[in-house]
Structure formats: structure tokens, C-alpha cells
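Read the structure below first, then the notes.
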Amino acid sequence: MSHGCSCHAQFGREQLEEIEKLLEPYSGQPGSLIQALHKAQNVAGYLPREAQVLVAEKLNVPLTRVYGVVSFYSLFTTKPKGRHKIHVCTGTACYVRGASRLLNQLEDQLQIKPGDTTKDGQFSVDVVRCLGACGLGPVVTVDEDVYGRVNNGKLDDILSKYSRE
Amino acid sequence: MSQVSLTIDGIEVQAAPGTSVLEAAKKAGIKIPTLCYLEEINEIGACRICLVEVQGARTLQASCVTPVAPGMVVRTNTPAVRHARKLNLELIMSNHPQECLTCPRSTNCELQQLASELGITEIRFSGANPSYEPDLSSASLVRDPRKCILCRRCVSVCEKVQQVSAIAPQERGFNTIVAPAFLEPLGDTACVNCGQCALVCPTAAIHEKDQTAEVWAALSDPRKHVVVQTAPAVRVSIGEMFGLEPGSVVTGQMVAALRKLGFDKVFDTDFTADLTIMEEGSELLQRIQNGGRLPLITSCSPGWIKFIEHFYPRLLPHLSTCKSPQQMFGALAKTYYAEKSGIDPADIFVVSIMPCTAKKFEAGRQGMNGSGYQDVDVVLTTRELGRMLKEAGIDFNSLTEEEYDHPLGISTGAGVIFGSTGGVMEAALRTAYELVTGRTLPTLDFKEVRGLAGIKEASVDLNGTVLNVAVANGLANAREMMDRVKNGKRYHFIEIMCCPGGCIGGGGQPIPTNKEIRTKRAAGIYSADESMPLRKSHENPAVQALYKEFLGEPLGHKSHELLHTRYTARGKY
Ligand code: SF4
Ligand code: SF4
Ligand code: SF4
Ligand code: FES
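In order, the protein sequence lines correspond to chains A and B.
For the first sequence, my numbering begins at 3 and goes up steadily by one.
For the second sequence, my numbering begins at 21 and goes up steadily by one.
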């Protein structure tokens with residue numbers, strides 16, 4: 003069970019088999035849906051349809067309910083994340099200081115909207131509500147790194163740094 | 021159990037512990053407005069329209085989820101209550117398109133009615149109003165999420181009553197939408213098209229796919245010979261569309277109304293219900309004699325068929341191979357009737373009036389073209405027929421009764437009881453008993469299989485052979501029956517109807533349809549049966565003539581070609 007490093011793994015039979023094993027303790031227990039989804043998501047960092055079907059089948063929960071939970075909680079995702087995960091804070095402070103300009107720039111340069119991953123799998127972009135670093139706004143994080151007072155020029159530098167890694 | 025006594029609006033009220041304040045008030049004749057509440061099915065306190073003041077409570081309480089307590093003092097009509105209800109309704113309306121003038125539910129919509137009853141005269145707020153496209157993927161139903169007020173009645177019905185779980189709330193916040201998983205099109209899911217969701221939806225967010233335009237077009241096409249068949253359960257419900265008491269038997273007026281609309285022949289699905297008994301009864305006796313797959317399970321209900329195809333594909337060999345009466349009718353209209361009347365089947369247009377949304381799907385199933393054409397061209401629900409009659413300006417209640425046309429309009433009481441849970445079983449037993457024993461039934465009524473109970477069982481002695489039979493209605497009960505069969509419980513014959521109460525409670529029936537209304541419609545069905553001169557399918561002279569002139573014998577070659585079908589195992593997801 004490796005968290006983090008397997009985030010851009012491809013989804014295949016191996017992953018499904020691993021999930022199936024992880025779900026064993028929750029078999030027939032609809033009440034354990036959220037825990038089961040966590041375990042399943044840890045395998046490849048996201049929950050494609052096949053993984054959710056497996057959870058539905060194992061726990062005996064309707065698929066509509068499984069997807070209901072996955073689409074309700076922002077910590078679950080149905081799409082694979084990029085090698086580098088960009089988060090743009092859109093809390094009030096960051097927002098008034100220009101977070102939307104940064105989002106526009108990301109959309110232009112990477113051709114993806116928040117929630118999506120670039121075709122080459124290099125980047126994924128998401129928005130977060132507030133990172134608690136309001137004094138530094140607008141704030142952008144890439145993986146574990148935090149960048150404050152980001153403007154369009156600085157974002158350019160950040161992108162070119164991570165597109166090579 | 022001792023009763024709880026409380027006061028509602030100054031009236032002393034007794035109620036059983038656990039009763040909601042709403043129900044207690046209703047019993048005392050006090051009406052509290054509701055929107056999301058659906059008795060015993062959806063009691064979740066979501067809409068907060070049913071607010072009341074409870075003395076000592078800090079805030080107003082949702083009466084549908086507040087249990088009675090001893091000494092409770094409730095007030096249902098105070099300025100604070102009225103104000104709060106109104107505000108909650110206005111907030112719901114702020115996210116609802118103002119389209120009443122062009123809406124299929126107009127004048128039959130709980131939201132619209134509530135706005136009028138609570139005295140809303142202006143739109144003060146404007147919400148996010150997400151712009152969803154309607155989902156037209158299902159053959160039977162249209163989802164229009166813009167009109168959804170998120171009351172979750174449909175979700176509860178689909179999960180609890182039908183145990184299909186095709187729809188549930190997805191996403192969150194302003195993006196919350198009641199939809200299939202992954203927001204997939206409904207037509208691609210295991211939805212069985214039963215329409216029970218549409219029946220309980222307070223608005224037009226889920227409704228039948230309206231096909232009246234196709235029928236109007238056929239009726240005004242001079243080259244088309246347009247024939248109509250009416251399902252058993254429509255004659256005890258169509259009157260409700262014109263203000264009559266539920267269960268009023270209006271067969272004669274309905275026939276007259278259909279002629280006025282311009283149908284060339286008005287026929288009866290009861291005729292092919294009788295025919296079904298001949299075919300399915302023979303199939304049962306054959307399986308018993310030849311050690312075939314038992315129990316035999318009925319196949320008239322298309323929602324049930326799709327359900328077993330998705331959820332119990334291994335049990336498909338138990339299904340009778342008989343097509344439903346609707347489909348038998350279509351196949352015969354374009355062969356036997358065409359031949360007999362000298363009309364080119366290519367010019368015959370078959371319309372069905374059904375209490376059912378799943379019949380729309382059924383008409384398009386593979387293999388429903390035994391006649392060489394699509395056997396049934398268009399299926400309308402009871403509600404759609406009601407709309408056509410209104411559009412044509414037909415004054416239904418003042419029509420003089422008329423008779424069905426011959427020969428496909430001749431039927432027996434056994435055909436009409438197909439409209440209620442237990443009816444197919446009873447009709448089959450009437451015929452099987454007489455064919456097997458050679459004796460006349462002392463009494464025609466098999467009371468054990470009547471009534472709205474979810475599962476009924478009986479044993480019937482046919483000359484020493486004891487038949488164990490069971491009847492289930494509603495798919496949760498069907499599931500229970502299938503589990504019993506899987507676990508080895510032995511039956512000879514099982515009747516399953518998809519909708520609660522059978523076709524009288526079908527998803528295409530007038531809204532509202534509830535327990536009380538189902539009971540009245542069922543009573544209408546059995547009184548229609550009693551008033552028929554013939555009450556056993558094998559005595560139907562038109563069915564006898566059909567075998568003599570055309571089919572040969574039950575389960576014969578021609579029957580197999582026209583009246584029987586195959587099923588497909590489908591995935592669950
Ligand atoms: S669903 Fe009801 S309130 Fe909404 S537009 Fe239709 S009739 Fe009007
Ligand atoms: S038609 Fe029946 S199965 Fe389909 S969503 Fe509605 S209630 Fe569920
Ligand atoms: S579709 Fe109708 S029944 Fe279902 S939640 Fe929306 S408004 Fe309620
Ligand atoms: S009817 Fe009580 S909360 Fe909706």
C-alpha cells in the first residue's frame with residue numbers, strides 16, 4: 003500500500019486485484035463505504051468506474067450510492083492525477099489578489115480546467131478553498147512545495163521548473 | 021400500546037407512540053402542507069415545508085419527522101409558521117424554471133399547487149438555476165433535472181420499493197443532481213422503466229416520454245388503418261383524468277372516446293390476456309408433465325423482465341416464453357386480423373393504451389416483429405390518453421357507453437383481472453383447474469391470491485396434483501421471491517408484477533397513485549370481472565376461433581413464431 007508515489011499508475015487488472023484484496027475485510031458491509039473507497043483510491047490515486055463497480059459489488063451497495071459518495075467528497079477523484087499536482091488557493095484573500103488570473107493562465111498554458119490532468123500526465127490542476135496562508139496570497143502549491151505572492155510571471159517560472167522534473 | 025395524547029391547534033389528539041406530528045394532525049383533520057414527504061417511503065425532512073410550532077422548542081419543527089410526545093402542544097397556523105413555510109418554498113422556487121404554461125405536469129404538479137395554496141404571488145429570489153439538458157436516452161422516461169427540487173422521493177421508491185437503485189443524489193452543493201451513477205444516461209443503466217419514480221415525482225423532473233404526436237399523425241394519415249388496444253387496468257383509472265372516483269369502471273365510455281378520437285378499430289388487450297392463459301397454461305402443464313424447468317414464472321410485465329435480465333440472469337429459463345398480451349396483440353393485429361379483414365399489414369398502425377411506461381420499452385425490444393413489421397407501433401400511457409382526449413375536447417363523462425369491435429375486442433373476466441396483482445394467477449387457475457380436472461369450478465374466486473399484500477402463496481388441488489403457487493408485486497418482493505427460488509423453495513408457478521399492486525399501480529397511471537387509490541382500482545377490476553358474462557379464458561369464443569382458423573393449437577408452430585420470445589442476460593452495471 004504505497005501512498006503518493008503510485009499516483010500516476012496506470013489502471014489495469016493488477017490494480018483491480020489489489021483493490022479486491024484490500025476490500026476483503028469490508029465484504030458485505032455497506033456501512034464501511036467511505037473507508038473502503040479510501041483504501042481503493044490509495045492503490046492508484048484515483049477511482050475509475052471499474053474500481054467503483056468493484057466496491058459496489060463487494061460491499062453490496064448500489065453503484066449510484068458509491069458514485070454519490072465519490073462525487074460528494076472532494077478527497078475522492080475519478081481521474082488520475084498528474085506527476086505534479088498544482089493547487090491554486092481560491093479562498094477569499096487569494097481570490098481578491100488575483101487567483102483567477104492564475105487559473106486562466108493555467109488553463110491557457112496547460113489546456114486543462116481545474117479537476118483535470120494534462121494529456122502527457124505531467125500536471126493536474128485543482129482549486130482549494132483556503133490554505134491558511136492568506137498573508138502570502140495568492141498561494142499556489144505544487145506537490146509539497148508552497149509558493150506565495152504568485153503572479154503570472156512567477157507562475158511561468160514554476161511551470162517550466164516542474165515540466166522538466 | 022398506550023396512546024400518546026397531545027394538543028394540535030387546541031384540539032386534543034390521541035396517537036400511537038412513534039407517529040409523526042404530521043400523521044397525527046391528519047387524523048385530527050388538520051392539514052399540514054408537505055412536499056418531500058411520501059408516507060412510509062420518504063420521510064427525510066428535506067424540504068421543510070411542513071414546519072409547525074412546538075411549544076418549548078427553540079426552532080420550528082418539520083412535522084413529518086417529529087414524533088408525537090405526551091403533552092406536546094403544537095400549532096400549525098401561526099404567523100411565524102406561515103412565514104417560514106413560504107420562505108422555504110420561495111427558496112425552492114428560486115432554483116426552478118418558471119415554465120408552468122408549457123409544462124407536462126401543469127395543473128397536476130405539487131409544487132405549482134403549493135405555490136398557489138401558500139399564496140406566493142411574486143418571485144422574489146433568483147437562484148443558480150443550473151442549465152441541465154434533458155436526458156432523453158430512455159425509451160420510457162424523460163429526466164429533466166432543471167425541474168428537480170431534490171425531494172428524493174424517486175430515489176427512495178427506486179431503492180426501497182423497486183430495489184433497482186438506478187438513480188441517487190450525485191455531486192454536491194448547488195451541483196447536486198438526482199441521476200444515475202457517473203451521470204450516465206438513464207437508458208444505459210439497469211433502470212427497468214417502471215416509472216414508479218415518475219408516479220411519485222411532485223414535479224415534471226421525471227415524466228413519461230410523450231408520444232401523443234405520433235398517434236395524432238397516424239390518426240390523420242388517410243392511408244393508415246389505426247387500431248388501438250386498451251390494457252385491463254386503464255378502464256378503472258382513466259376516469260380519474262376527468263375527475264371521477266378512482267376505480268370507476270368506465271370501459272364503455274373509454275371505447276366511445278377512442279372512436280371519437282378517430283381510431284378505426286377499438287380492441288382490447290383482454291383478448292390477448294385470455295390467449296396468454298391458453299399459451300402459458302399449456303406451457304405450465306407441459307413443464308409439469310415433461311419435467312421441464314419449474315417454477316414457471318410469468319412474463320407479462322416488462323419492468324419485471326428487464327429486472328430479471330439484469331439481476332437474476334441465471335433464472336431466465338424459468339420465465340414463460342410467452343410474449344406479453346400487448347405484444348401478442350400487435351403480432352396478431354398485423355397477421356390474423358390483417359388477413360381476416362383484407363388489409364395490408366403495412367398499412368396497419370397499432371397503438372396501445374397502457375398503465376405502464378415500461379411497455380414503451382417493450383414494444384422496441386428485439387424480436388417484437390413476428391408479424392414482419394414492428395408489432396406495436398406506439399405505446400401511450402393512461403396519462404397520455406387523458407391528455408389527447410382533453411386536447412380533442414371530448415367530454416368524457418357525458419359519453420354513452422359503446423362496445424369493443426370484434427373479434428380482437430372479445431374477452432372474459434379472466435382477461436380483465438390481469439390488471440391487478442394476483443389476476444394472472446387466478447385466471448390461470450380457473451382454466452388449469454377445468455382443463456386438468458374436466459370439472460366445472462364450484463367457485464371462480466381464488467381469494468388467497470387477491471389483495472395488495474407484497475407476497476401471497478397458495479396451494480391448489482388439481483385432481484390430486486397439488487400446485488404450489490406464489491404471487492409477488494413490486495420488485496423488492498420479486499427479489500425476495502427469486503431468493504427463495506434460488507434457495508430451493510419449491511413452487512410450480514409464480515406470478516410477478518413489477519409495480520406495487522400490479523398494473524393498477526403502474527408507472528403510467530394517473531397521478532396521484534397511492535395505497536388508497538390502488539385499493540379502489542383493484543376493487544374496480546374485480547367488479548368488472550364479475551359483470552362479464554364469461555369469466556374463464558378457455559371459454560372465450562374469439563380465442564377458440566383464433567385457434568381454429570389460424571393458430572392451430574396452443575404452443576403450436578404459429579404460436580411459437582408469433583406469440584413467444586427470448587430473453588437476454590444483461591449486466592448489472
Ligand atoms: S414542474 Fe410544476 S412548477 Fe415546475 S414548471 Fe412544471 S408545472 Fe410549473
Ligand atoms: S423507472 Fe423504475 S427503475 Fe427506473 S429509475 Fe424510475 S423507479 Fe428506478
Ligand atoms: S426527480 Fe422528482 S422525485 Fe426525484 S428528487 Fe427530483 S423532484 Fe423529487
Ligand atoms: S414534507 Fe416534511 S420536510 Fe418535506
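Note that beta-carbon positions come from the ideal geometry of N, C-alpha and C, so glycine has one too.
Please read these numbers as outputs of a predicted model, since none were measured by experiment.
* To do: Mind checking the stretch 122-141 of chain A against chain B and listing, in chain order, the residues whose C-beta falls within less than 9 Å of any C-beta there?
  => Result list empty, no residue passes.
* To do: Give me the Cα-Cα distance between Ser114(B) and Tyr75(A), rounded to the nearest whole angstrom.
  => Counting from one through the second sequence, the residue named residue 114(B) turns up at place 94. Counting from one through the first sequence, the residue named residue 75(A) turns up at place 73. In a straight line, the C-alpha of Ser114(B) is about 26 Å away from that of Tyr75(A).
* **beta strand (DSSP E) segment containing Lys535(B), residue limits** => Within the second sequence, residue 535(B) is the residue found at index 515, counting from 1. Not the beta strand (DSSP E): Lys535(B) falls in the alpha helix (DSSP H), residues Lys535 to Glu550.
* Sequence-ordered residues whose beta carbon comes within less than 6 Å of a heavy atom of ligand 4 -> Selection around ligand 4 by beta-carbon proximity, strictly under 6 Å to any non-hydrogen atom, yields Thr54(B), Leu55(B), Cys56(B), Tyr57(B), Gly65(B), Ala66(B), Cys67(B), Arg68(B), Ile69(B), Cys70(B), Ala82(B) and Cys84(B) in chain order.
* To do: Give a yes or no on whether the minimum CB-CB distance between Ser1(A) and chain B is below 7 Å.
  => Here chain A has residues from 3 to 167 only, and residue 1(A) is not among them.
* To do: Answer with buried or exposed for Val98(A), where buried requires no fewer than 16 other C-beta atoms within 10 angstroms of its C-beta.
  => Looking up residue 98(A) in the first sequence gives position 96. With fewer than 16 other Cβ atoms from the protein chains shown falling within 10 Å of its own Cβ, Val98(A) counts as exposed.
* Asked: Mind checking if Tyr393(B) is an interface residue toward chain A, Cβ cutoff 7 Å exclusive?
  -> Here the question's residue 393(B) lines up with position 373 in the second sequence. For Tyr393(B), the answer is no, since every Cβ of chain A falls outside 7 Å of its Cβ.
* Asked: So which residues of chain B does Val55(A) contact, with C-beta pairs closer than 8 Å?
  -> The residue you call residue 55(A) lines up with position 53 of the first sequence. The contacting residues are Tyr593.
* Cβ-based contacts, 8 Å cut-off: residues of the stretch 177-194 of chain B near chain A -> Contact annotation: in the stretch 177-194 of chain B, residues whose CB is within less than 8 Å of a CB in chain A are Glu179, Ser185, Ala186, Ile187, Ala188, Pro189, Gln190, Glu191 and Arg192.
* Helix, strand or coil for Ile52(B), going by three-state DSSP, please let me know. => Position 32 of the second sequence, counted from the first residue, corresponds to residue 52(B). Reduced to three states, the DSSP call for Ile52(B) is coil.
* To do: Only counting runs of 3 or more residues, tell me where the beta strand (DSSP E) segments fall wholly within the stretch 91-170 of chain B, in order along the chain.
  => As for any beta strand (DSSP E) of minimum length 3 sitting wholly inside the stretch 91-170 of chain B, the runs are 93-95 and 161-163, ordered along the chain.
* With a threshold of 16 other CB atoms inside 10 Å of the CB of Pro574(B), please say whether the residue is buried or exposed. => Position 554 of the second sequence holds residue 574(B). So Pro574(B) ends up on the buried side.
* Asked: Is it buried or exposed for Ile31(B), if we count other Cβ within 10 angstroms and need 16 for buried?
  -> One-based indexing of the second sequence puts residue 31(B) at position 11. With fewer than 16 Cβ atoms within 10 Å of its Cβ, Ile31(B) is classed as exposed.
* Asked: By DSSP, does Cys217(B) sit in helix, in strand, or in coil?
  -> On the second sequence, position 197 is the one that residue 217(B) refers to. Under the three-state reduction of DSSP, Cys217(B) is assigned to helix.
* **Extent of the continuous beta strand (DSSP E) to which Val480(B) belongs** => Working through the second sequence from its first residue, we reach residue 480(B) at position 460. Per DSSP, the unbroken beta strand (DSSP E) holding Val480(B) starts and ends at Ile475 to Leu482.
* To do: Report yes or no: is there a C-beta of chain A within less than 7 Å of the C-beta of Phe331(B)?
  => Mapped onto the second sequence, residue 331(B) falls at position 311. With 7 Å as the cut-off, Phe331(B) does not count as an interface residue toward chain A.
* Asked: Among Leu61(A), Tyr48(A) and His86(A), which one has its Cα closest to the Cα of Ser73(A)?
  -> Here residue 73(A) corresponds to residue number 71 of the first sequence, with the count starting at 1. Answer by Cα proximity: Tyr48(A).
* State the beta-bridge partners of Tyr2(A) as determined by DSSP. => In this structure chain A extends from 3 to 167, so residue 2(A) is not present and cannot be described.
* Measure from the C-beta of Ala218(B) to each C-beta in chain A and report whether the shortest distance is under 7 Å. => For the purposes of this step, residue 218(B) is taken as residue 198 along the second sequence, with counting starting at 1. It does not; no Cβ of chain A falls within 7 Å.
* Can you list the residues of chain A that Pro200(B) reaches, using a CB-CB cut of under 7 Å? -> Sequence index remark: in the second sequence, residue 200(B) carries index 180 (1-based). When 7 Å is used as the limit between beta carbons, Pro200(B) is near these residues of chain A: Thr66, in chain order.
* Starting from the beta carbon of Tyr69(A), find every residue of chain B whose beta carbon is closer than 7 Å, and list them in chain order. => Along the first sequence, read from residue 1 onward, the residue named residue 69(A) stands at position 67. Taking a Cβ-Cβ threshold of 7 Å, the residues of chain B close to Tyr69(A) are Gln190, Ala201 and Phe202, in chain order.
* Asked: When DSSP labels each residue in this structure, what does Thr27(B) get in the three-state scheme?
  -> Counting from 1 along the second sequence, the entry for residue 27(B) is found at position 7. Strand at Thr27(B).
* Nearest to Thr402(B) by alpha carbon, out of Asn195(B), Gln249(B) and Lys592(B)? -> Translated into positions along the second sequence, residue 402(B) becomes position 382. Nearest to Thr402(B) by C-alpha distance, out of Asn195(B), Gln249(B) and Lys592(B), is Gln249(B).
* To do: Would you list, in chain order, the members of the stretch 84-109 of chain A that have their beta-carbon closer than 7 Å to a beta-carbon of chain B?
  => The residues in question: there are none.
* Asked: Going by the CB atoms, is the gap between Val24(B) and Pro90(B) shorter than 7 Å?
  -> Translated into the one-based positions of the second sequence, residue 90(B) becomes position 70. Translated into the one-based positions of the second sequence, residue 24(B) becomes position 4. Cβ distance < 7 Å, so Pro90(B) and Val24(B) count as in contact.
* To do: Go to Asp465(B), then tell me how far its alpha helix (DSSP H) extends in each direction, as first and last residue.
  => Against the second sequence, residue 465(B) aligns to sequence position 445. Boundaries cannot be given for Asp465(B), as no alpha helix (DSSP H) includes it and DSSP labels it neither H nor E.
* Go through its chain and collect everything with a Cβ distance to Val71(A)'s Cβ below 8 Å, but skip five positions before and after it. => The residue labelled residue 71(A) in the question sits at position 69 within the first sequence. Once the five neighbours on either side are set aside, the close Cβ partners of Val71(A) are Leu35, Ile36, Leu39 and Phe78.
* Asked: Could you give the residue range of the alpha helix (DSSP H) that holds Ala498(B)?
  -> In the second sequence, residue 498(B) corresponds to position 478, counting from 1. Note, Ala498(B): alpha helix (DSSP H), Leu495 to Lys506.
* Asked: Is Phe369(B) closer than 7 Å to Val275(B) when the C-beta atoms are compared?
  -> Residue numbering aside, residue 275(B) sits at position 255 when the second sequence is read from its first letter. Residue numbering aside, residue 369(B) sits at position 349 when the second sequence is read from its first letter. Inclusion of Val275(B) and Phe369(B) in the CB contact set at 7 Å is not warranted, their separation being larger than that value.
* DSSP state of His512(B) mapped onto helix, strand, coil -> For the purposes of this step, residue 512(B) is taken as the residue at position 492 of the second sequence. Here His512(B) sits in coil by DSSP.
* Give a single yes or no on whether Val184(B) has its beta carbon closer than 6 Å to a heavy atom of ligand 2. => Here residue 184(B) refers to the residue found at position 164 of the second sequence. The answer is yes for Val184(B).
* Curious, which full-length beta strand (DSSP E) runs of at least 3 residues does the stretch 201-270 of chain B contain? -> Counting only runs of 3+ residues, the beta strand (DSSP E) found wholly inside the stretch 201-270 of chain B occupies 226-228 and 245-250, in chain order.
* Identity of the residues DSSP links to Leu400(B) by a beta bridge -> In the second sequence, the residue the question calls residue 400(B) occupies position 380. Looking at the DSSP assignment, Leu400(B) forms a beta bridge with Ile373(B).
* Regarding Ile197(B) and ligand 2, is the C-beta to nearest heavy atom distance less than 6 Å? -> Taking the first residue of the second sequence as 1, we reach residue 197(B) at position 177. False, no ligand heavy atom lies under 6 Å from that Cβ.
* Please determine if the stretch 169-178 of chain B and the stretch 58-67 of chain B are in contact, where contact requires at least 3 C-beta pairs separated by less than 8 Å. => Short answer: they touch.
* How big is the Cα-Cα spacing for Val162(B) and Cys221(B)? -> Along the second sequence, read from residue 1 onward, the residue named residue 162(B) stands at position 142. Along the second sequence, read from residue 1 onward, the residue named residue 221(B) stands at position 201. Cα-Cα distance, rounded: 12 Å.
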